[in-house]
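Take a look at the structure set out below.
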Amino acid sequence: MDITLLVATLLLMLATLIPLSRHSHWFVRGFDFPRLQLTIFAALVLGLQGGFINWQEPLNFGLLIITTTCLIWHLWWIAPYTPIWPTEVKSAPKSDEPIGLSIITANVLMSNRDAEPLLALVKSYRPDILVTLESDDWWQSQLDDLESIMPYTVKCPLDNLYGMHVYSRLPLSDSEISFLVEKDVPSIHTLVSLENGEQVRMHFLHPAPPSPTENEHSTPRDAELVIVGRSVMKSQQPVIVTGDLNDVAWSPTTRLFRKISGLLDPRVGRGMFNTFHAQWPCFRWPLDHLFHSEHFTLHTLKRLPSIGSDHFALYSRLTLTPGKETGQQGLQAEKSDEVWAREITSDKQVDDSSVPKPGNNRNLK
């Protein structure tokens, strides 16, 4: 048992130390994802150490300290996404006539050929906006049935796992499909007009993940997040960024995006809302995101039932407040964050001037 616990402790230590590096290789960045699983593993190893190790061996005290340190470290990353943490976004005040916006964000899985579960969810929840990721021409033919109730659309069907569609009940304007970092990975940018005439700037993203089968490094994903974050940071408009970011909520790069953009994460203090992997309960983490400016409070955030994809869809309903809601504050950027962000964008030779700014004069940067 001592040998088994030694090996388990060393593996835990390695899994904890590897992501401390900012190296962008997929193997390194992959360890950002399973923080919850590593927390559970650390707690299990700690319990076994307490019950089975030989306390007469001084080395075993060192193993106990290592395991405890790893457990605390992983808890630090995931604790904000549990109910024990203070909420970052206030709950929406009850109102007879709230001014709001509801969104379903759904990675449909391009090979999935059953659209009925998603269509049923749309008809049940009646969102103002539906955004789909991995949607190709076949998915477009199925989703076009929604145009009777969601007549405003932006369509970018692709057969490379990065197709994207937006269907809306509310009018869209200044819509643009952009390929910000990679020539075959689109994003959609648009302005949505609410029923009271207020306009919301929206960015729908699906950057490619770091993986052995796609990008060897995370830099393209990270660069897209950074330039979109910079683009919205000084906006006086209400802003929403949503999509499958192929990054977990607690990763250094998603935290960097939040710091640079100033946008808020409604999951903080409420839960993880793990949307991937739908078929593997033991290996789930939050890949599908929604971030928003201080103009909103949260009415509802919900992971929806399975749609036959490897992702669950995410339902968000926000309430627009008069001006910016006071008392809501996200992560604050430091000088080191700006330096890191410049390194990322310099590596890919991109900047925020390429990000569409719906509702703004595009000549004013």
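Quick note on numbering: this note's numbering labels position 145 of the sequence shown as 129, and the sequence is numbered without any gaps.
Positions of the beta carbon are idealized from the N, C-alpha and C atoms, including for glycine.
Following the continuous beta strand (DSSP E) through Cys140, name the residue where it begins and the one where it ends. Within the sequence shown, the letter at position 156 stands for residue 140. Counting along the chain, the beta strand (DSSP E) containing Cys140 begins and ends at Tyr136 to Cys140.
Would the region 52 to 66 count as touching the region 87 to 104 if we require 3 or more Cβ pairs under 8 angstroms? no
Using 8 angstroms as the threshold, is the region 189 to 201 in touch with the region 280 to 298, meaning 3 or more CB pairs across them? no
Would you mind working out which of Gly255, Asp331 and Phe260 sits nearest Pro70, comparing C-alpha positions? In the sequence shown, counting from the first residue as 1, residue 70 sits at position 86. Cα-wise, what sits closest to Pro70 is Gly255.
Nonlocal neighbours in the same chain, by C-beta distance under 8 angstroms from Arg346, ignoring five residues either side: If you number the sequence shown from 1, residue 346 lands on position 362. With a pLDDT of 42 at Arg346, under the threshold of 50, the predicted position of this residue should be treated as unreliable, and no value is reported.
If you draw a straight line from the C-alpha of Ile62 to the C-alpha of His9, how long is it? Locating residue 62 in the sequence shown gives position 78, counting from the first residue. Locating residue 9 in the sequence shown gives position 25, counting from the first residue. Distance between the alpha carbons of Ile62 and His9 is about 22 angstroms.
Can you find a heavy atom of the ligand GTP that lies under 7 angstroms from the Cβ of Leu302? With respect to the ligand GTP, the structure shown offers nothing to examine, as it has no ligands at all.
Have a look at Thr51 and Gln21 and give me their C-alpha separation to the nearest angstrom. Stepping through the sequence shown from its first residue, residue 51 is reached at position 67. Stepping through the sequence shown from its first residue, residue 21 is reached at position 37. Rounded to whole angstroms, Thr51 to Gln21 spans 14 angstroms at the Cα level.
Smallest Cα separation from Leu123: which of Pro111, Asp98 and Met134? To locate residue 123, count along the sequence shown from 1; it is residue 139. Sequence inspection shows Trp at residue 123; the Leu mentioned does not correspond to that position. Among Pro111, Asp98 and Met134, the Cα nearest to that of Trp123 is on Asp98.
Quick check on DSSP: helix, strand or coil for Phe420? Nothing about residue 420 can be read from this structure; the chain reaches only from -15 to 349.
For Phe275, the nearest candidate out of Pro82, Leu189, Cys54 and Thr174 (CA to CA): Counting from one through the sequence shown, the residue named residue 275 turns up at place 291. Phe275 has its Cα closest to that of Leu189, out of Pro82, Leu189, Cys54 and Thr174.
Am I right that Asn38 and Asp(-14) are in contact with their C-beta atoms under 8 angstroms? What's the rounded C-beta distance? Mapped onto the sequence shown, residue 38 falls at position 54. Mapped onto the sequence shown, residue -14 falls at position 2. Right, their Cβ atoms sit about 6 angstroms apart.
Cutting at 7 angstroms between CB atoms, please list the residues of its own chain near Phe15, excluding the five before and the five after it. Taking the first residue of the sequence shown as position 1, residue 15 is located at position 31. Excluding residues within five positions, the ones whose Cβ falls inside 7 angstroms are Ala(-1), Ile2 and Pro3.
Under a Cβ-count criterion, where at least 16 other Cβ atoms within 10 Å of its own Cβ denotes burial, should Thr329 be classed as buried or exposed? Working through the sequence shown from its first residue, we reach residue 329 at position 345. Buried.
Given a cut-off of 8 angstroms, decide if Thr259 and Pro250 are closer than it, judged by their beta-carbon atoms. Taking the sequence shown and counting its residues from 1, one reaches residue 250 at position 266. Taking the sequence shown and counting its residues from 1, one reaches residue 259 at position 275. Contact flag unset, no.
Over the uninterrupted beta strand (DSSP E) stretch that includes Asp158, give me the two end residues. As a first step, residue 158 must be located in the sequence shown, where it is residue number 174. That run of the beta strand (DSSP E) goes Leu156 to Ser162.
Comparing alpha-carbon positions, which option in Leu247, Val216, Thr203 and Leu248 lies nearest Asn230? The count along the sequence shown starts at 1 and reaches residue 230 at position 246. Ranking Leu247, Val216, Thr203 and Leu248 by Cα distance to Asn230 puts Thr203 first.
Please state the DSSP three-state secondary structure of Asp206. Translated into the one-based positions of the sequence shown, residue 206 becomes position 222. If DSSP states are grouped into helix, strand and coil, Asp206 belongs with the helices.
From what residue to what residue does the alpha helix (DSSP H) around His187 run? Position 203 of the sequence shown holds residue 187. Careful: His187 lies outside any alpha helix (DSSP H), inside the beta strand (DSSP E) at Gln183 to Leu189.
Quick check on the DSSP output: what are the complete alpha helix (DSSP H) runs of length 4 or more inside the region 91 to 117, in order along the chain? 100 to 109
Whole angstroms is fine: what's the gap from Ile161's alpha carbon to Glu322's? Here the question's residue 161 lines up with position 177 in the sequence shown. Here the question's residue 322 lines up with position 338 in the sequence shown. Answer to the nearest angstrom: the Cα atoms are 27 angstroms apart.
Using CA atoms only, rank isn't needed, just tell me which of Met(-3), Gln313, Val106 and Pro42 is closest to Ile56. Within the sequence shown, residue 56 is the residue found at index 72, counting from 1. Among Met(-3), Gln313, Val106 and Pro42, the Cα nearest to that of Ile56 is on Met(-3).
Does the Cβ of Pro18 have 16 or more other Cβ atoms within 10 Å, making it buried, or fewer, making it exposed? One-based indexing of the sequence shown puts residue 18 at position 34. Looking at its Cβ environment, which holds 16 or more other Cβ atoms inside 10 Å, Pro18 is buried.
Among Val212, Gln221, Glu179 and His149, the one whose alpha carbon lies nearest that of Ile83: Locating residue 83 in the sequence shown gives position 99, counting from the first residue. The residue with the shortest Cα to Cα distance from Ile83 is Glu179.
Out of Asp143, Leu142 and Asp128, which has the shortest C-alpha to C-alpha gap to Tyr357? This structure does not reach residue 357, given that the chain is present from -15 up to 349, and the question cannot be answered.
How is the alpha helix (DSSP H) around Gly31 delimited, first residue to last? Here residue 31 refers to the residue found at position 47 when the sequence shown is read from its first residue. Residues Arg19 to Phe36.
For Leu114 versus Met148, is the C-beta distance shorter than 8 angstroms? Locating residue 114 in the sequence shown gives position 130, where the first residue counts as 1. Locating residue 148 in the sequence shown gives position 164, where the first residue counts as 1. No.
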